[in-house]
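In terms of my numbering, the sequence shown opens at residue 465 and continues consecutively.
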Amino acid sequence: MLIGFKVRNFRSFADEQSFSFSTSSDSMHAATHCLTTGMKSVRRLSKAAIVFGPNGSGKTNLINAFSVMRDLILHSTLLSDTEFADRYTPFKFGSSARATTDFEIDVLLDKIRYRYGFSYDDGGIRAERLLVYCTGKSQRWFDRLWDGSGQREIWAPFSQNFSGPRAMWRDATRPKALFLTTAAQLNAEQLKPLFHWFEHGMELFFPSEPANLTRMAASIQDSAFKRRMLDFLHAADIRVADVRVREQESVSPEAVWGLANKRPRTAPNRSGVEFSHTRNGAFVWLHAADESAGTQRLAALFGPLLSAIEHGKLLLVDEFDLSLHPLVARYLMQLINDPKTSDRGAQLLLTSHNTTLMDVNVLRRDEIWLMALDDNDASQLTPVWRSSVPPRKHELIGKGYLRGRYGAIPAIRPKAAARPATVPVGVPTDKGRTKPREATKIPA
């Protein structure tokens, strides 16, 4: 289970920003919306949290931070110098442009707490450390730091509780690779639970990715999975009778190359998932691409959501409400919070613009987070209950949010859009320089 996550100097994040599933002392929905950890330091964790905020405030970058951290942990030993440098995307304004990017994650796996973090830039890993809490006291299993003046790495002594050929793992770790990755791939048994959590315990879902239902083809062949998928769609009032996988059909050359002008055109896609609809007792099969965007979105979400519920995974979804009716979005939140359907530690971290989810009947107050840009255009992440005007216990949070009570809303300026703008336009000269030309007016 995820306890918390910290990020600094990554894309729109300049200063350190922290997210946490740790709950407040509020007892509302504690039996349904919270997970009991058995730890004294963190007794309860939320099952879900949603980040709200205006466009361009950095919500997607929060999900991207998880994605990049996971990618480096799983693949740092395989990345080329160029590929490693591409993962370094600091805050571009001010001194942060050359500072390190810092990630830290706090997870609870089989009653053992792991607090792992690392710092890096385009030149390599600059720091990496792992604290483990098997009891109340922390154990520093490993700690490495890059000495820029001496151009060498400094390693702290390994913990006596961390066993195995540690010196061999250390010597095998390249400057642009993580020790966690290297040691886990060299069969460090004590690090495998954490490494496997990043590999199998976390799943990300981005709206920019097409609703690729083809990857669900193998699962749809299983009758139990298909039945649950159809029940899920029916519960959301999606009127499909059946689902199947259609195999690739052969396409004649004439279908790909137009006979009249011989120019290539896109071949029709006959493979993939199809849904059937009943009309007057007859079945009509439609390719998934011909279904509505909402149907495609729900069908694509079903696989990751079911996997999270059944295996206790962390599911991160950007723009969760995209193409979904507000009542359908509320239904999905009810699924994750229902102890009868979700009792294995599944957690959801979502971004959304659907303010109807800002409801104390759907989310606890400590499960609502706000993202906004400060005066330096840097993202600031804050739980709504720690805002300057925290909501009361039964307050209509969505209504107050749209009125600007808690901040993190766009400042709409309709007059600015209607005002003609003058944009200086430059033309290249013979010397390769640019000199100003008469400004061009852009019509409203």
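From the three backbone atoms N, C-alpha and C, an ideal C-beta is built for every residue, glycine too. Bear in mind the structure is a predicted one, so any value in this text is a computation, not a measurement.
Nearest neighbour of residue i, chosen from the options [CA to CA]
i    : options                : result
L770 : V748, L697, R703, V709 : L697
N625 : E617, I527, R604, T541 : R604
S544 : D574, G588, V709       : G588
G862 : A842, H664, V824       : V824
F670 : F784, L572, I800, T742 : F784
V515 : P855, P847, R877, K879 : P847
A682 : R703, A705, G767, V748 : G767
L466 : E480, K777, W849       : K777
M503 : R761, L791, T599, W749 : T599
D585 : Q685, A512, L642, W619 : L642
T487 : W849, E653, E480, I618 : W849
A757 : D782, R808, I702, I773 : I702
L526 : S476, T500, I876, V748 : S476
L837 : P518, A512, A513       : P518
L658 : K575, A793, L765       : K575
T500 : K857, D754, A810       : A810
R593 : M797, W619, V781       : W619
L694 : A746, A631, L765       : L765
E774 : R808, K690, P621, D754 : R808
K556 : S623, D479, H497, L573 : D479
S531 : L786, K690, E859, G665 : G665
V781 : S816, S613, C498       : S816
C-beta contact flag for residue i and residue j at 7 Å
i    : j    : result
Y597 : R577 : yes
D570 : R472 : no
L650 : W633 : yes
T646 : T541 : yes
S740 : D686 : no
A591 : S602 : no
P855 : N818 : no
L799 : E663 : no
F474 : A561 : no
L595 : R579 : yes
I684 : V709 : yes
G628 : A648 : no
G581 : E568 : yes
K470 : S484 : no
Boundaries of the alpha helix (DSSP H) in which residue i is found, first to last residue
i    : result
Q798 : 790–801
S843 : Note, S843: premise wrong, no alpha helix (DSSP H); beta strand (DSSP E) at 843–847.
M693 : 687–699
R577 : From DSSP, R577 is part of no alpha helix (DSSP H) but of the beta strand (DSSP E) over 576–585.
F766 : 757–775
R634 : 630–636
F567 : Careful: F567 lies outside any alpha helix (DSSP H), inside the beta strand (DSSP E) at 565–573.
S531 : 523–539
E663 : 656–664
A682 : 681–684
Cβ distance (whole Å) where residue i is taken to contact residue j below 8 Å
i    : j    : result
V737 : L677 : 4 Å
L834 : S851 : 7 Å
E667 : L779 : 5 Å
A688 : L762 : Rounded, the Cβ-Cβ distance is 19 Å, inconsistent with contact.
L812 : A793 : Not really, about 12 Å apart at Cβ, beyond 8 Å.
Q760 : A752 : 6 Å
A513 : M797 : With 8 Å as the limit, A513 and M797 do not qualify as a contact, their Cβ atoms being about 11 Å apart.
First and last residue of the uninterrupted beta strand (DSSP E) at residue i
i    : result
T815 : 811–815
K470 : 466–472
G736 : 736–743
T805 : From DSSP, T805 is part of no beta strand (DSSP E); its letter is neither H nor E.
G588 : 588–597
D782 : That residue, D782, is in no beta strand (DSSP E); it is neither H nor E in DSSP.
L542 : Counting along the chain, L542 falls outside any beta strand (DSSP E), and DSSP gives it neither H nor E.
Q481 : 481–484
F516 : 512–516
Any chain B beta carbon closer than 7 Å to residue i
i    : result
L668 : No chain B is present in this structure, which holds just one protein chain.
Counting beta carbon pairs with one atom in the segment 856–867 and one in the segment 541–548, are three or more of them shorter than 8 Å?
Under the Cβ criterion (8 Å, minimum of three pairs), the segment 541–548 does not count as touching the segment 856–867.
Do the segment 635–645 and the segment 506–516 make contact, defined as three or more Cβ pairs closer than 8 Å?
no
For the segment 602–614 and the segment 522–537, state whether three or more C-beta atom pairs, one from each stretch, are separated by less than 8 Å.
no
Taking 8 Å as the cut-off, does the segment 485–492 touch the segment 824–833 (at least 3 CB pairs, one atom from each stretch)?
yes
Touching by the beta-carbon criterion (3+ pairs, under 8 Å), the segment 801–808 and the segment 838–847
no
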